[in-house]
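Taking it in order: structure first as structure tokens, then the write-up.
Protein chains: 2
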Amino acid sequence: MFGVAVLGFGVVGSGVAEVLSENAEVAEKSAASPLKLKYILDVRDFPGNPFEKLIVRDFAVIENDPEIRVVVETIGGVGVAQEFTRRALSAGKSVVTSNKELVSKFGFELLELAKAKGVNYLFEASVGGGIPILRPITQCLAANKILEVYGILNGTTNHILTAMLKDGASFDDALRDAQTRGYAEQNPSSDIDGTDACRKICILADLAFGRHMNPDWVKTVGIRAVSADDARFASAGGYKIKLLGRAVARDGGKVAAYVAPHLVPGGNLLASVDGVMNAIVVRGNAVGDVMFYGAGAGKLPTASAVVADVIDAVKHDAARKWISWGEGDESMMYDSAALVSRWYARVSAPEGSVKRVFPDAEILGGDTAETGFIVAPQSKKSVEVSLGGFGVLSLFRVID
Amino acid sequence: MFGVAVLGFGVVGSGVAEVLSENAEVAEKSAASPLKLKYILDVRDFPGNPFEKLIVRDFAVIENDPEIRVVVETIGGVGVAQEFTRRALSAGKSVVTSNKELVSKFGFELLELAKAKGVNYLFEASVGGGIPILRPITQCLAANKILEVYGILNGTTNHILTAMLKDGASFDDALRDAQTRGYAEQNPSSDIDGTDACRKICILADLAFGRHMNPDWVKTVGIRAVSADDARFASAGGYKIKLLGRAVARDGGKVAAYVAPHLVPGGNLLASVDGVMNAIVVRGNAVGDVMFYGAGAGKLPTASAVVADVIDAVKHDAARKWISWGEGDESMMYDSAALVSRWYARVSAPEGSVKRVFPDAEILGGDTAETGFIVAPQSKKSVEVSLGGFGVLSLFRVID
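Here the protein sequences come in this chain order: H and V. Taken in order, the first sequence gives residues 222 to 621; the numbers are from my numbering. Taken in order, the second sequence gives residues 222 to 621; the numbers are from my numbering.
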């Protein structure tokens with residue numbers, strides 16, 4: 222029997238309790254061992270809740286109970302979540318988490334601690350919610366040199382951008398609608414400013430390229446600057462606008478990584494990923510492009526990934542899983558501005574002026590006051606030089 | 222050091238040798254152990270080939286070499302491939318294969334033999350080529366009750382259907398073009414009659430639902446009956462035509478499974494999976510729908526999946542991987558004709574006659590001689606009764 226403790230009884234924590242209980246039969250069959258949810262750590266009371274009797278307030282109860290072999294951390298943040306993670310690993314218990322902030326900032330140290338203690342630190346749910354992505358990268362694509370990873374990593378911003386392109390909504394209206402539906406928080410900054418996507422692309426890069434990438438090193442632009450005019454021009458040309466996190470292997474072990482809005486051509490499968498869904502593309506030197514798609518957030522999808530990790534931790538209780546990466550430093554970063562791509566620009570000038578500077582530009586639309594257009598593949602520096610004489614209202618990469 | 226032998230030096234076998242050699246560094250790092258390709262079994266000569274010196278003709282050399290820990294079977298079929306697989310497993314060696322016919326027909330027995338010998342029998346490459354799908358189902362979705370698995374499982378037929386819908390090609394012309402490009406064989410029956418897709422949906426069902434499903438029990442219809450008129454009507458309504466394999470969990474542990482052409486609405490992500498690409502959707506009770514997309518065939522993508530299994534076999538050399546399913550019998554099959562869905566029909570009658578029988582039908586097109594239309598969700602039996610008075614030219618399910 223493997224005792225499991227859940228830290229934090231919020232959305233994900235209660236989902237984990239629910240999945241462990243409702244899918245107990247399938248989970249125990251997969252784990253080849255009975256799983257027992259023994260404690261839930263929370264400071265609040267939950268009168269009448271079916272899991273009420275499992276609530277404890279003191280982490281030491283969990284830490285000192287030898288029956289607890291797996292601790293599920295769903296507290297979030299890097300404060301108490303980090304402290305309890307370190308204490309649990311130090312006590313020889315595996316830890317499973319959905320905490321992308323903690324993994325992206327301190328994953329290297331925590332994996333080293335897990336290795337030293339011979340236990341597992343697993344975090345499939347930290348990227349793409351319920352979508353299987355971290356394990357496929359490390360196991361199924363283990364024979365590949367990974368060349369690039371990119372994708373739609375944040376459901377809130379994808380919901381907002383979908384509404385702007387489908388319904389012609391303004392950014393402010395689409396954000397308010399997402400808040401009303403519960404997809405965006407009252408303080409939506411970590412979603413719409415790209416922070417959440419940045420943490421996720423860092424974790425993907427850690428696994429794909431083998432060195433820890435600190436989120437502070439990754440240039441991150443959110444979607445506040447995407448306007449209804451951009452949405453209209455993109456739609457007119459058969460493009461969608463998507464916030465993508467992207468990490469590209471470069472020579473000498475360097476990695477270019479950034480988060481920014483992109484125009485995505487209609488023929489690219491990512492263009493059809495709408496609403497709160499996520500999708501991640503991995504490019505390997507043998508397999509080519511593979512894509513993983515599903516619900517990137519939500520109580521049960523996230524819990525599905527967490528409980529799969531619990532099962533995996535139980536199966537590998539005797540033999541630690543080989544998931545780890547090396548230390549990183551900022552010198553491993555390649556300036557993403559040097560990456561070549563097509564570019565979409567919106568400038569405060571009529572089409573004629575644009576055509577004089579970019580005779581081959583693909584004009585998406587405009588009037589006497591402004592023009593939206595796409596230019597041939599080049600670096601950011603190059604396009605910025607050519608745009609020097611214009612009032613630039615928007616400048617987004619096109620992913621091809 | 223782990224010795225590896227490859228059986229069969231055809232497309233997949235030579236791809237495996239190539240990936241093992243070109244990506245040796247990354248593969249050995251993933252395996253945490255050096256891998257050595259020691260033998261390639263083939264009856265032919267390969268003068269000048271870089272792997273020429275590894276060619277052996279006698280399987281006993283491989284069988285009796287204790288250094289060989291993993292045997293890669295890329296011979297295909299259920300004859301000599303089965304014999305060598307049994308002998309390798311019996312000799313205590315793990316076996317990795319891309320052989321969907323062998324796994325779909327004899328997977329249960331071969332997994333039991335592997336279990337008895339404490340070794341691994343792995344076959345990620347047998348479904349979806351390089352797409353990670355079997356391991357995600359068994360591991361990442363281990364906390365879910367799987368409700369349904371379906372997808373585009375055969376690249377050749379998808380290439381033909383894509384050409385028919387995009388270019389208005391006839392089935393015969395599209396097939397000839399696929400043969401010219403090397404996507405279809407001169408005897409294309411196993412692709413276009415659905416046999417290949419049937420084997421793959423059986424393997425997916427084995428893993429998803431835990432009992433062996435014999436391909437003989439699965440009603441299989443290929444794409445020979447898809448006409449240019451069907452393609453035209455589907456396109457007019459914003460649909461694509463896709464050959465889908467599908468397995469659905471029903472009450473009492475039963476499974477409905479079949480292979481048939483479907484109309485797929487444009488908003489469904491599968492509609493955007495064109496050409497030789499494959500995509501598989503898995504529906505879990507916690508995670509909802511997740512989709513896996515990539516190259517379903519081809520030398521290097523398939524080799525990518527094979528070598529990932531080799532790495533996994535090496536990592537689990539001491540502890541066998543828990544992949545297995547139970548015995549099955551035909552009584553587990555649920556009659557797929559009873560599954561409810563929308564239906565597309567093409568009948569030799571004008572729109573007026575159709576409207577008299579199906580007043581709410583969605584008319585896709587037609588003339589005085591024939592009409593293409595879609596009717597509301599119902600079982601196959603029900604729609605066949607209603608269509609009784611018509612000359613029915615085509616009848617395909619719509620997947621929603």
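Idealized CB from N, CA, C, for every residue including glycine.
* Report the three-state DSSP secondary structure of I544 of chain H (helix, strand or coil). => coil
* Reducing DSSP to helix, strand and coil, say where H380 of chain V ends up. => Note: H380 of chain V maps to helix in three-state DSSP.
* To do: Please name the residue in V:N320, V:D263, V:D450 and V:E288 whose C-alpha comes closest to that of A524 of chain V.
  => Residue V:N320 is the option with its Cα nearest to A524 of chain V.
* Please classify T295 of chain V: is it buried, with 16 or more other beta-carbons within 10 angstroms of its beta-carbon, or exposed? => Counting the other CB atoms within 10 Å of its CB gives T295 of chain V a total of 16 or more, which places it among the buried residues.
* If A470 of chain H and F430 of chain H are in contact, beta carbons under 8 Å, what's the gap, nearest whole angstrom? -> 6 Å
* Leaving out the 5 sequence neighbours to the left and right, which residues in its chain are closer than 8 Å to A559 of chain H when beta-carbon positions are compared? -> A477, S600, K601 and K602
* When the distance is taken between beta carbons, is N379 of chain H closer than 8 Å to I373 of chain H? -> yes
* Asked: Under a Cβ-count criterion, where at least 16 other Cβ atoms within 10 Å of its own Cβ denotes burial, should K326 of chain H be classed as buried or exposed?
  -> buried
* In or out: A540 of chain H buried (at least 16 other Cβ within 10 Å) or exposed? -> exposed
* To do: Could you pull out every residue in the same chain whose Cβ sits closer than 8 Å to the Cβ of E249 of chain V, ignoring the five residues on either side in sequence?
  => P255 and L256
* Where does I192 of chain H fall in DSSP's three states? -> Limits of chain H in this structure are 222 at one end and 621 at the other, which puts residue 192 of chain H out of reach.
* Three-state secondary structure (DSSP) of V494 of chain H -> coil
* What three-state label does DSSP hand S456 of chain H in the structure shown? -> helix
* Between G612 of chain V and G487 of chain V, what straight-line distance do the alpha-carbon atoms span, to the nearest angstrom? -> 28 Å
* Asked: Grouping DSSP H, G and I as helix and E and B as strand, with all else coil, what is F594 of chain H?
  -> strand
* **Simplified DSSP state of V527 of chain V, which is helix, strand or coil** => helix
* To do: Would you please state the rounded distance, in angstroms, between the beta carbons of L334 of chain V and R307 of chain V? I believe it to be under 8 Å.
  => 6 Å
* Go to V220 of chain H, then tell me how far its alpha helix (DSSP H) extends in each direction, as first and last residue. => Because residue 220 of chain H is not part of the residues shown, which for chain H are 222 to 621, the question remains open.
* L270 of chain H to I283 of chain H span [Cα, whole Å] -> The amino acid occupying residue 270 of chain H in the given sequence is Asn; Leu does not appear at that position. Each residue's Cα considered, the two are about 20 Å apart.
* Asked: Going by the CB atoms, is the gap between P436 of chain V and I462 of chain V shorter than 8 Å?
  -> no
* Considering only C-alpha positions, which residue in the set H:V225, H:A590 and H:V233 is nearest to G350 of chain H? -> Looking at the Cα atoms, H:V233 is the closest of the given residues.
* What do you reckon, are the CB atoms on L258 of chain V and S235 of chain V nearer than 8 Å? -> no
* Asked: Smallest Cα separation from C419 of chain V: which of V:V480, V:H433, V:R453 and V:F392?
  -> Nearest C-alpha to C419 of chain V: V:V480.
* Coil, strand or helix - K366 of chain V by DSSP -> When DSSP states are grouped into helix, strand and coil, K366 of chain V belongs to the coil group.
* **is_contact[Y514 of chain H, chain V] using C-beta, thresh 8 Å** => yes
* Taking Cβ positions, are V494 of chain H and A500 of chain H nearer each other than 8 Å? -> yes
* Going straight from the alpha carbon of V291 of chain V to that of V531 of chain V, what length do you get? -> 7 Å
* Asked: Given that D510 of chain V touches chain H, what residues does it touch there, using C-beta distances under 7 Å?
  -> Per Cβ cutoff of 7 Å: G515.
* Check the Cβ of A524 of chain V against every Cβ in chain H and list those closer than 7 Å, keeping chain order. => A507
* Asked: Along the segment 361-378 of chain H, what residues have a CB closer than 7 Å to any CB found in chain V?
  -> C361, L362, A363, A364, N365 and K366
* **Which listed residue (H:A281, H:L323, H:F230 and H:L425) has its alpha carbon closest to that of D266 of chain H** => Ranking H:A281, H:L323, H:F230 and H:L425 by Cα distance to D266 of chain H puts H:F230 first.
* **Cutoff 8 Å: S251 of chain V Cβ touching any chain H Cβ** => yes
* Residue of H:L491, H:V237 and H:G586 minimising C-alpha distance to G515 of chain V -> H:L491
* Residue range of the beta strand (DSSP E) that E583 of chain H falls in? -> E583 to G587
* Asked: How would you list, in chain order, the residues of chain H whose beta-carbon sits under 7 Å from the beta-carbon of E345 of chain V?
  -> C361
* What is the rounded straight-line gap between the Cα of V340 of chain H and the Cα of D538 of chain H? -> 7 Å
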